[in-house]
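Q: Here our numbering is used: the first residue of the sequence shown is 1347, the next is one more, and so on.
Ideal Cβ positions, reconstructed from N, Cα and C, are used throughout, including at glycine.
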Amino acid sequence: MPPRQPPKVYQLLLRSHKMTIFLTRTPTSTVQEIKEEALSALLSDVNLNDVPKVAGVDDFEICKLLRGRDAAGPIPQYEILDHSKAIKDCGILNWEILYFQFRDEATGDLQPVTFIQPPTFEEEDIPPPPSASLNKGKRKAAD
């Protein structure tokens, strides 16, 4: 089987709080370009109340979750992505989830990554399908 070709377009998900932003970028796009497009989404009117307000690309960083040997312990650790690197050079995979790390307005320090994992199962029970009637199609004769 021939080796798999890298994707020509990356689908990226950027998460924070209850919000997910979907981006489509080429492998040669830089992290700075991702930040600029994410800023446009953060400044839109559909922004949620619990997401910190931002004015520019310097108010947040984009990071990815460390996995495998790089992640130490049960607490998730995140790596801030270099602005000047291309997506393919950062080790980002297609459909990878990236995270926002916002800066504190007063101090400028990075706040911890905050997001709420969506439920994997539906919260409401699905009603069972109606059972088939046993006497379907059978009528009693009139006396």
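Please report the residue range of the beta strand (DSSP E) in which E1442 lies.
A: Neither: E1442 is in no beta strand (DSSP E) and is coded neither H nor E.
Q: Check whether the Cβ atoms of L1439 and Q1423 lie closer than 7 Å to each other.
A: Not closer than 7 Å, so no.
Q: Once the 5 residues before and after K1434 are set aside, which same chain residues still bring their CB inside 6 Å of it?
A: Correct list, in chain order: P1373.
Q: State yes or no: is the C-beta of L1444 within less than 7 Å of the C-beta of L1358?
A: In this structure, L1358 lies closer than 7 Å to L1444 by Cβ.
Q: Using 8 Å for Cβ pairs, my map puts T1376 next to V1355. What's the rounded Cβ distance?
A: No, T1376 and V1355 are not in contact; Cβ-Cβ is about 15 Å, not under 8 Å.
Q: So, helix, strand or coil for A1432, using DSSP?
A: It is a strand residue.
Q: Looking at C-alpha atoms only, which residue of I1462, C1436, A1452, Q1447 is the closest neighbour of A1384?
A: When only C-alpha atoms are compared, the closest one is Q1447.
Q: Am I right that H1363 and D1396 are in contact with their C-beta atoms under 8 Å? What's the rounded C-beta distance?
A: At roughly 5 Å, the Cβ-Cβ gap stays under 8 Å, so H1363 and D1396 are in contact.
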